[in-house]
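Undergrad: Residue numbers (the numbering used here), protein chains in the order written: chain A, 2 to 229; chain B, 1109 to 1434.
Where is the CB? At the ideal position from N, CA and C, for every residue including glycine.
Since this is a predicted model, take the numbers as computed values, not measurements.
Sharing a structure here in structure tokens format.
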Amino acid sequence: MVSATSELLPLADGCLILSHRLSEWMSNAPTMEEDIALGNIALDLLGQARGLLQVIGDETGVTEDELAYFREPQEFRNPLICELPNGDFAFTMARQLFVDIWLAHVWSELAATASDEQVRGVAEKAIKENAYHRRHSSSWVVRLGDGTDESRRRMETATEALWPYRGEIADDRWYDAVDAALTEATLTMPPRDAWTQRSSLDGWHTEHLGYLLAEMQSLARAHPGATW
Amino acid sequence: MYSQALDQRDESPRGVDDAARLARFDERVAAEDKIEPNDWMPAAYRKTLIRQISQHAHSEIIGMQPEGNWLTRAPSLRRKAVLLAKVQDEAGHGLYLYAAAETLGITREELVDQLLTGKAKYSSIFNYPTLTWADMGAIGWLVDGAAIMNQVPICRCSYGPYARAMVRICKEESFHQRQGFEIMLTLSRGTDEQKAMAQDALDRWWWPSLMMFGPHDASSVHGEQSMTWKIKRFSNDELRQKFVDATVPQADFLGLRVPDDELRYDAGSGHYVFGEPDWDEFAAVLRGEGPCNEQRMAHRRRAHDDGAWVREAAEAHAAKHKAAVA
């Protein structure tokens, strides 16, 4: 089996796994516009993941596909929040906002500090894409939080369910940005010091990742060595 | 993708419409003038266009399902990205076509309602299942290939908004067709299992693709009207022949066998001679007795129902915001 270590893995895997989750929305979204929007975001995240996996692959002598399709679940380093099942549209949008805010910070740091030119290139492109993603997810969080009683209840439920999974992506800036977005949505941010799940950095995951990968990797693994 | 049901009869356009306006309309159409939304048009012309454009739109939206079925199992990241883009294009085509239909004085909500209640049809090709990855290749190559044959002439349709929508859609369909062929090419040059997968997909998609052109001209319920109106430019059989002539050499290039024992090249006419599709199967799928009719409609209804609270919330928020601004 393929294995790799890189500081870029949490970011690369996070984008890959979240893209996969978003792709599950295709033909299932609440409006046609959202089918298109979620597909767009999934495509952007996949492109970002591939950009980084290619760099990581070059360092370790494997391809992006070997990294995606032939690593075991415990080799993945994505933040756990990315692998959670989509839930309802409120859950997907709240998760997206949380991750988008994290990614905004990570990409801008990477664009400023990465020594690898290719990585800086991926980051610079991602910054532009992320700005659009963040506008999209925050506007939905506001609409749903400040929409009907049902949408508000669903958004509150989603925020609470997601809150323990913020550990890997939250810092002071993140809390401030999330607080501002939830306030605009007339929602209250749960406490900063509430408990968090442990991180994936030592190979810890939810049970969901195994199923996600079983599906994603099934065809590639059934034909090892084949070209597609 | 494509809606096949171009073949239903409207009531006669001659009747209540003012004779002089009708004569002027006929002249304009005959002169290849484009009819625009605010122009006078016969009620039956409007009705035919609404039905045809919306069926096309419905087909795009339902068509997301069979390909969406492989998004989470695409065997490489490049294929995954291309497939995502393709399914997303289909949503875009659907949206674009509903907008074109709306220029004829009907709302998207009404049209979607017609789809969900089963009043409106979509292309029966999407009632077939996608069983292996090779189906992503076969759909692009054959189904989108057949769609292009049907749709390129619509770029010259007499109704301006439909013609213009089709120009853009055909460009994207042409890309889809090439990517489908490229999947088939890669598989047919791959391992024995991959080659068998490609052949199996061709075996399953060949006949349904030929059926996409509709029944024989002789048994088509379609009158001359759509031809006269320049909504339709070629007959079903003409288009089917063009498709077979273009596609068989491609199958040869792939080293795959077209599943038709009667298929042969006729040097005299310069065309391929081919066998009869199973028209009973075609009729059954149209009646709702295809492998996936119920599944596709249940999926669409579920997605629509699941999204109701989201659409309501968006409207409620917009109303609050509007009230606050005012």
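1. Suppose contacts are defined by Cβ-Cβ distances below 8 Å. Is Thr-1156 of chain B in contact with Ile-1339 of chain B by that definition?
2. When Cβ atoms are compared, which residues of the region 140-154 of chain A fall closer than 7 Å to chain E?
3. Got a sec: is the Cβ-Cβ distance from Ser-4 of chain A to anything in chain B below 8 Å?
4. Beta-carbon within less than 6 Å of Glu-76 of chain A's beta-carbon, same chain only, minus the 5 sequence neighbours each way: which residues are those?
5. Classify Gln-1307 of chain B as buried or exposed, calling it buried when 16 or more other Cβ atoms lie within 10 Å of its own Cβ.
6. Considering only residues of the same chain and omitting the five flanking positions on each side of Ala-105 of chain A, which have a CB-CB separation below 7 Å?
7. At a Cβ threshold of 8 Å, is Ser-1184 of chain B touching chain A?
8. Please name the residue, chosen from A:Gln-49, A:Thr-189, A:Pro-31, that lies closest to Leu-1185 of chain B on a Cα-to-Cα basis.
9. How long is the line joining the alpha carbons of Ala-1427 of chain B and Ile-42 of chain A, rounded to whole angstroms?
10. On the DSSP letters alone, give me the boundaries of the alpha helix (DSSP H) that Val-1418 of chain B sits inside.
11. Would you call the CB atoms of Pro-1261 of chain B and Arg-1341 of chain B closer than 8 Å?
12. Between the region 1251-1266 of chain B and the region 1407-1421 of chain B, do three or more beta carbon pairs fall short of 8 Å?
13. For Ile-1277 of chain B, decide whether its Cβ has a neighbour in chain A, counting only Cβ atoms nearer than 8 Å.
14. Are the region 13-23 of chain A and the region 72-87 of chain A touching, with three or more C-beta to C-beta distances below 8 Å?
15. Which ranges does the alpha helix (DSSP H) cover as unbroken runs of at least 4 residues, wholly within the region 122-193 of chain A, from first to last along the chain?
16. Going by CA-CA distance only, name the one from A:Phe-92, A:Ala-38, A:Val-56, A:Val-100 that's closest to Asp-172 of chain A.
17. Grab me the residues of Gln-1302 of chain B's own chain with a C-beta within less than 7 Å of its C-beta, minus the 5 sequence neighbours each way, in chain order.
18. Scan the region 210-223 of chain A for residues whose Cβ lies nearer than 7 Å to a Cβ of chain B and list them as they occur along the chain.
19. Spatial neighbours of Gln-1116 of chain B within its chain, please: CB distance less than 6 Å, with the 5 preceding and 5 following residues excluded, ordered by chain position.
20. Rounded to the nearest angstrom, what separates Glu-118 of chain A and Arg-51 of chain A at their Cα positions?
21. Residues in the same chain with beta-carbon distance under 7 Å from Leu-210 of chain A, minus the five sequence neighbours each way, listed in chain order, please.
22. So within the region 1283-1356 of chain B, which uninterrupted alpha helix (DSSP H) runs reach at least 4 residues, ignoring any that extend past its ends?
23. Where do the ends of the beta strand (DSSP E) carrying Tyr-1373 of chain B lie?
24. Since I believe Val-1381 of chain B is in contact with Asp-1374 of chain B (beta carbons under 8 Å), could you give me their beta-carbon distance rounded to a whole number of angstroms?
TA: The relevant details are as follows:
1. yes
2. Although the question refers to chain E, the structure presented lacks it and instead comprises the protein chains A and B.
3. no
4. Ser-4
5. buried
6. Asn-131, Arg-135
7. yes
8. A:Gln-49
9. 27 Å
10. 1416-1433
11. yes
12. no
13. no
14. yes
15. 150-163, 173-185
16. A:Val-100
17. Leu-1295
18. Glu-216, Met-217, Ser-219, Leu-220, Ala-221
19. With a pLDDT of 44 at Gln-1116 of chain B, under the threshold of 50, the modelled position of this residue cannot be trusted; read the value that follows with caution. Cβ within range, chain order: n/a, list empty.
20. 15 Å
21. Pro-74, Phe-77, Glu-84
22. 1300-1319, 1333-1336
23. 1372-1374
24. 5 Å
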